[in-house]
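A.B. asks: Have a look at this one before I ask anything.
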Amino acid sequence: MSGIYIHIPFCKQACHYCDFHFSTSLGKKEAMIKALQKELELRKDEFKGETVGTIYFGGGTPSVLNTPEINTIIKTVYDYYKVIENPEITLEANPDDLDSSKIKELADSPINRLSIGIQSFFEADLKLMNRAHNAAEAEDCIKEASKYFDNISIDLIYGVPQMSNERWLENIKKALSFNIPHISSYALTVEPKTALKKFIEQGVVPPIDDEKAQEHYTILTDTLANAGFDNYEISNFGKPGYYSKNNTAYWQGKKYMGIGPSAHSFDGQRRGWNIANNPKYIKSIQEEVLPMEVEVLSTTDTYNEYVMTGLRTIWGVSLNRIKTEFGEGYHDYILQQAEKHIQEKLLFLEGDTLLVSKKGKFLSDGIASDLFLINLEQ
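Residue 685 in our numbering is what sits at position 217 of the sequence shown, and the numbering runs on without skipping anything.
Put into structure tokens, the structure is as follows:
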């Protein structure tokens, strides 16, 4: 079963920390929607014999589209692809777009899962991030959405400068008070060419404190575990039955197609990414030329990717799969490289599965890189 990711490259305003591809001008919205539909048509043969189990609208801010526009894109997927009977169809949305009439419209559409970009329930944090919504809108939209949607996820950001442990815990408790079944939570990172990086360099905003972010992560994992959430991937927490099917497929290395400017695709052997430029993307699609670069993954690339994604999840890295798919040399290598981390109780073995311990979770990307094979293939 495969997934389709649709990148909607528009936002009302730029968040200070964001380096995703988007435009704050909606002038090309209609042309973009037509291009997304056309790309879906042009690439239909890539999924021949495949069934689509998830459709995910990401961005940008997909909720800047009106409901008929969203429905038009979903209909195009159904026109050209074989979709399972009850697919997970997720819309990323911002609170300022989700008034009661929009939520009702979405509830009547094929969308059956909302992923709401709350980030924080505190005004000071939202202002620092330059979010388009305020704290009251954050709460109101969850209350309203919960009347119509059972499957809701919210995003929260930790490691925000000057956010105390107490305020972070209050954020989590506020989220839990709405009884939502899924939370995605990420550390605030300073990306190049963002307003946040500039503010830190100018001394307007204090630098990110990695130790504080690690404390926040521990508070997050402990509090959500006590509330019945499974930490099924480093940044994703779901109640049983509410794991994101789209995210799960990605972390388990399943096939997915990325539609839209800057969107990535993966078919098991090749990774592709579309041009991150709205006018060039639209022009290329109008000329029926896919604006995509493709790389064929070597055995070592595929091994490294499996280690990176596997260690981030509760499913871990199967040593048996390493031996079967990559060979004895890779199997011996990963065990040798893992030994130090096992001794330090950052990794542990459960049967033939290598897993990150609670202590190692916050450091999982660094641990994974120690297990990567850098040598060139023969």
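The beta-carbon is built from N, C-alpha and C at its ideal position, and this holds for glycine as well. The structure displayed is predicted, hence computed values, not measured ones.
1) Nearest-angstrom Cα distance between K829 and S621?
2) Name the DSSP bridge partner or partners of R581?
3) For the alpha helix (DSSP H) containing M469, name the first residue and the last one.
4) Any heavy atom of the ligand NAD closer than 6 angstroms to the CB of E605?
5) Are the beta-carbon atoms of G471 and T522 separated by less than 7 angstroms?
6) Judging by CA-CA distance, which residue of A503, K480, K550, G834 is the nearest neighbour of Q754?
7) According to DSSP, what are the bridge partners of W741?
8) Look at the alpha carbon of L582 and the alpha carbon of T544, and state the distance between them as a whole number of angstroms.
9) Excluding the 5 residues flanking P536 on each side, which residues of the same chain have their C-beta closer than 6 angstroms to its C-beta?
10) Closest to E518 by CA distance: which of I835, D735, L815 is it?
11) So what does DSSP say about L494, is it helix, strand or coil?
12) Taking 8 angstroms as the cut-off, does the segment 700-708 touch the segment 651-658 (at least 3 CB pairs, one atom from each stretch)?
13) For V545, does the three-state DSSP call read helix, strand or coil?
14) Check whether the segment 687-699 and the segment 758-777 touch, using three or more Cβ-Cβ pairs below 8 angstroms as the test.
15) Where are the alpha helix (DSSP H) runs, 4 residues long or more, that stay fully inside the segment 675-733, in chain order?
16) Taking the alpha-carbon positions, what's the F617 to I687 distance?
17) Classify S588 as helix, strand or coil using the three-state DSSP reduction.
18) In angstroms, rounded to a whole number, what distance separates the CA positions of K826 and I648?
19) I640 lies in the alpha helix (DSSP H); which residues open and close that run?
20) Under three-state DSSP, which class holds I571?
21) What number of angstroms, rounded off, separates the C-alpha of L574 from the C-alpha of N619?
22) Taking the alpha carbon of P578 as the reference point, which residue from P674, E556, P563 has its own alpha carbon closest?
23) What is the DSSP secondary structure of S837, reduced to helix, strand or coil?
24) Just to confirm, is the Cβ distance from D487 to E669 under 7 angstroms?
25) When we look at the beta-carbon of R780 and count the other beta-carbons within 10 Å, is it buried (16 or more) or exposed?
26) Go through its chain and collect everything with a Cβ distance to A499's Cβ below 7 angstroms, but skip five positions before and after it.
27) From the DSSP secondary-structure annotation, give me the bridge partner or partners of H809.
28) Considering only their Cβ atoms, is the gap separating V824 from S832 smaller than 7 angstroms?
29) Please return the same chain residues whose Cβ sits closer than 7 angstroms to the Cβ of E845, not counting the five positions on each side in sequence.
30) Please report the straight-line C-alpha distance between E553 and Y524, rounded to a whole angstrom.
C.D. replies: Reading from the atomic positions:
1) For the purposes of this step, residue 829 is identified with residue 361 of the sequence shown, where counting begins at 1. For the purposes of this step, residue 621 is identified with residue 153 of the sequence shown, where counting begins at 1. Going from the Cα of K829 to the Cα of S621 covers about 21 angstroms.
2) Position 113 of the sequence shown holds residue 581. The secondary-structure analysis by DSSP pairs R581 across a beta bridge with T558.
3) Taking the first residue of the sequence shown as 1, we reach residue 469 at position 1. DSSP places M469 outside any alpha helix (DSSP H), giving it a letter other than H or E.
4) Ligands displayed in this structure: none; no statement on the ligand NAD is therefore possible.
5) To locate residue 471, count along the sequence shown from 1; it is residue 3. To locate residue 522, count along the sequence shown from 1; it is residue 54. T522 sits close to G471, with the two beta carbons spaced by under 7 angstroms.
6) Here the question's residue 754 lines up with position 286 in the sequence shown. The option with the nearest alpha carbon to Q754 is A503.
7) The residue given as residue 741 occupies position 273 in the sequence shown. DSSP output for W741 lists H732, E761 as bridge partner(s).
8) As a working mapping, residue 582 is identified with position 114 in the sequence shown. As a working mapping, residue 544 is identified with position 76 in the sequence shown. Approximately 20 angstroms between the Cα atoms of the pair.
9) On the sequence shown, position 68 is the one that residue 536 refers to. Same-chain partners within the cutoff: there are none.
10) What you label residue 518 is simply residue 50 of the sequence shown in a count that begins at 1. Closest in C-alpha terms to E518, from the list I835, D735, L815, comes D735.
11) Taking the first residue of the sequence shown as position 1, residue 494 is located at position 26. It is coil, neither helix nor strand.
12) Enough Cβ pairs lie closer than 8 angstroms, so yes.
13) The residue labelled residue 545 in the question sits at position 77 within the sequence shown. If DSSP states are grouped into helix, strand and coil, V545 belongs with the helices.
14) Result no; under three Cβ-Cβ pairs closer than 8 angstroms.
15) At a cut-off of 4 residues, the continuous stretches assigned as alpha helix (DSSP H) that sit fully inside the segment 675-733 are 678-694, 713-719.
16) Position 149 of the sequence shown holds residue 617. Position 219 of the sequence shown holds residue 687. In a straight line, the C-alpha of F617 is about 28 angstroms away from that of I687.
17) Within the sequence shown, the letter at position 120 stands for residue 588. Assigned with DSSP and collapsed to three states, S588 falls in coil, not helix or strand.
18) Here residue 826 is taken as the residue at index 358 of the sequence shown, counted from 1. Here residue 648 is taken as the residue at index 180 of the sequence shown, counted from 1. Looking at the backbone, the Cα of K826 and that of I648 are separated by about 24 angstroms.
19) The sequence position of residue 640 within the sequence shown is 172, counting from 1. Run containing I640: 633-645, per the alpha helix (DSSP H) assignment.
20) Locating residue 571 in the sequence shown gives position 103, where the first residue counts as 1. Looking at I571 - three-state DSSP - the assignment turns out to be helix.
21) Position 106 of the sequence shown holds residue 574. Position 151 of the sequence shown holds residue 619. Those two C-alpha atoms are separated by around 13 angstroms.
22) Residue mapping note: residue 578 aligns to position 110 of the sequence shown, counting from 1. Nearest Cα to P578 within the set P674, E556, P563: E556.
23) Here residue 837 is taken as the residue at index 369 of the sequence shown, counted from 1. Taken through DSSP and simplified to helix, strand or coil, S837 comes out as helix.
24) Position 19 of the sequence shown, counted from the first residue, corresponds to residue 487. Position 201 of the sequence shown, counted from the first residue, corresponds to residue 669. Between D487 and E669, the C-beta spacing is not below 7 angstroms.
25) Residue mapping note: residue 780 aligns to position 312 of the sequence shown, counting from 1. It counts as buried.
26) Here residue 499 refers to the residue found at position 31 when the sequence shown is read from its first residue. In its chain, beyond the 5 residues on either side, I750 have a beta carbon closer than 7 angstroms to the beta carbon of A499.
27) Taking the sequence shown and counting its residues from 1, the one referred to as residue 809 is at position 341. Per DSSP, H809 has no beta bridge partner at all.
28) Within the sequence shown, numbered from 1, the residue matching residue 832 stands at position 364. Within the sequence shown, numbered from 1, the residue matching residue 824 stands at position 356. The answer is yes: Cβ separation under 7 angstroms.
29) Within the sequence shown, residue 845 is the residue found at index 377, counting from 1. Per-residue confidence for E845 stands at a pLDDT of 48, beneath the threshold of 50, marking its modelled position as unreliable; the derived number appears in the next sentence. The beta carbon of E845 sits closer than 7 angstroms to the beta carbons of S766, T767, T768 from its chain, once the five residues preceding and following it are set aside; these are given in chain order.
30) The residue you call residue 553 lines up with position 85 of the sequence shown. The residue you call residue 524 lines up with position 56 of the sequence shown. Near 16 angstroms, if we compare the C-alpha coordinates of Y524 and E553.
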